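Accompanying notes for the structure given below.
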Amino acid sequence: MTVIDAHQHVWDPGRAPYDWLGPAMAPIDRAMGFADARPVLGAAGVTATVLVQAADNDADTDHMLATAAAHPEAVAVVAWVPLDAPDRARTRLAALRRDPHVVGVRALVHEKSDPDWILRADVGEGLSLLAEAGLAFDYVTSSPEALVHVPELAGRHPGLRLVVDHLGKPPVGGGPGDRAGWRKLIAAAARHPQVHAKVSGLYSARGPLDSWTTDGVRPFVEDALELFGPDRLMYGGDWPISLLAGGYERTWEACMELLAPLSTDAREAVLGGTAARFYRIDATLLNAARDAAV
1479 MTVIDAHQHV WDPGRAPYDW LGPAMAPIDR AMGFADARPV LGAAGVTATV
1529 LVQAADNDAD TDHMLATAAA HPEAVAVVAW VPLDAPDRAR TRLAALRRDP
1579 HVVGVRALVH EKSDPDWILR ADVGEGLSLL AEAGLAFDYV TSSPEALVHV
1629 PELAGRHPGL RLVVDHLGKP PVGGGPGDRA GWRKLIAAAA RHPQVHAKVS
1679 GLYSARGPLD SWTTDGVRPF VEDALELFGP DRLMYGGDWP ISLLAGGYER
1729 TWEACMELLA PLSTDAREAV LGGTAARFYR IDATLLNAAR DAAV
């Protein structure tokens, strides 16, 4: 089985600015490279990873592409383009599409001052460019409330493949009412067949990130499996953020426990098949990753 971690980061403050990265993020407020991640990825049996943008600038994307060029296990890159500047986005996309690693685009929507930024007309033009280019869009939120935009986006852009990062940040550690509110929002998103979701970044919504438990996460994964099915869910380890939430090993082991009741085919979909198909990962790059893992 090819195990694909569909949500990994690398960053280097010496090569790109990361406005959100500072002492509060210690000990990961430094350059975090693929070589740092390789031991834990290998121990988990991860064959390939998808590098996901961590800053809204070209330098971060260039750093990811350089990382992918140097490490065959990094088979795909979710880049950044200025969606709210369609002309610039078109030019940048034309350059990025020359690299087979580029499979999608993400913007730090949750850090925009306008909570409805993603619905702006200029951003819509940018999203249409992604659909035309055959690229996916990662939708990231800091709380479940932003999930309200996903059905609208899916309706406006029926040809755009969308994936909700981290299951839309469910209220892990909250009460039954909190779960019900999240479920209503994620269910509305799941009604659109082009919308997928990542089983990743499921940390405590209240208190320290590492105060989550497998049993606390379980209801949200069960809901996601019911609403999306394994063919629209993909595993993501969220390294290096997961280091602040108890470590990559802990999140991997929890995921394995939560997926254990599934059939072999369903488990293989979440652990790699969905990501390969959704992101349309280049088969040659996947083969190279398998060879590197042997």
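Start counting the sequence shown at 1479; every next residue gets the next number (this note's numbering). For glycine and all other residues, C-beta sits at the position ideal for the given N, C-alpha and C. Computed from a predicted model, the values in this text were never measured in an experiment.
Pairing Leu1687 with Ala1723 gives a Cβ-Cβ distance under 7 Å.
Residue state for Thr1762 is assigned as helix, using DSSP reduced to three classes.
Residue Ala1675 holds the alpha-carbon nearest to the alpha-carbon of Leu1625 among Ala1675, Gly1653, Val1601.
CA-CA distance, Ala1585 to Leu1597, rounds to 13 Å. In the three-state DSSP reduction, Asp1483 falls in the strand class (E or B).
Only residues of its own chain outside the window of five on either side were considered, and among them Ala1609 have a CB closer than 7 Å to the CB of Gly1637, listed in chain order. With 16 or more other CB atoms across the displayed protein chains lying within 10 angstroms of its CB, Ala1546 is buried. The beta carbons of Val1673 and Ala1665 sit no closer together than 7 Å.
Between Leu1529 and Thr1752, the alpha-carbon positions lie close to 16 Å from each other. When the Cα atoms are used, Pro1708 and Ala1484 turn out to be separated by approximately 14 Å. Membership of Ala1668 in the alpha helix (DSSP H) is indicated by the continuous run 1654-1668.
Per DSSP, Ala1522 is one residue of the alpha helix (DSSP H) stretching across 1512-1522. Inclusion of Thr1527 and Thr1480 in the CB contact set at 7 Å is not warranted, their separation being larger than that value. Secondary structure of Leu1736 (DSSP, three-state): helix. Counting only residues of its own chain and dropping the five nearest sequence neighbours on each side, Ala1767 has a CB closer than 7 Å to the CB of Thr1525, Ala1526, Pro1550, Glu1551, Val1553.
Counting the other Cβ atoms within 10 Å of the Cβ of Lys1647 gives 16 or more, which makes it buried.
When Arg1570, Ala1513, Arg1755 are compared, the shortest CA-CA separation from Val1641 is found for Arg1755. The C-beta of Thr1729 has 16 or more other C-beta atoms within 10 Å across all chains shown, which makes the residue buried. Every beta strand (DSSP E) of 3 residues or more that sits fully in the region 1575-1602 is shown, in chain order, as 1580-1584.
The criterion of a C-beta distance shorter than 7 Å is not satisfied by Leu1574 and Val1581. For Val1555, no alpha helix (DSSP H) run applies; the uninterrupted beta strand (DSSP E) run containing it begins and ends at 1552-1557, by DSSP. Between His1588 and Val1559, the gap from beta carbon to beta carbon reaches 7 Å or more.
In terms of CA proximity to Gly1685, Val1650 leads the group Leu1519, Arg1696, Val1650. Between Ala1509 and Trp1489, the alpha-carbon positions lie close to 6 Å from each other. Bounds of any beta strand (DSSP E) do not take in Asp1701; it lies within the alpha helix (DSSP H) bounded by 1692-1706.
Per the C-alpha coordinates, the member of Leu1613, Leu1645, Gly1602 positioned closest to Gly1633 is Gly1602. Out of Leu1737, Glu1735, Leu1721, the CA that lies nearest to the CA of Met1503 is found in Leu1721.
DSSP places Ala1526 inside the beta strand (DSSP E), whose first and last residues are 1526-1530.
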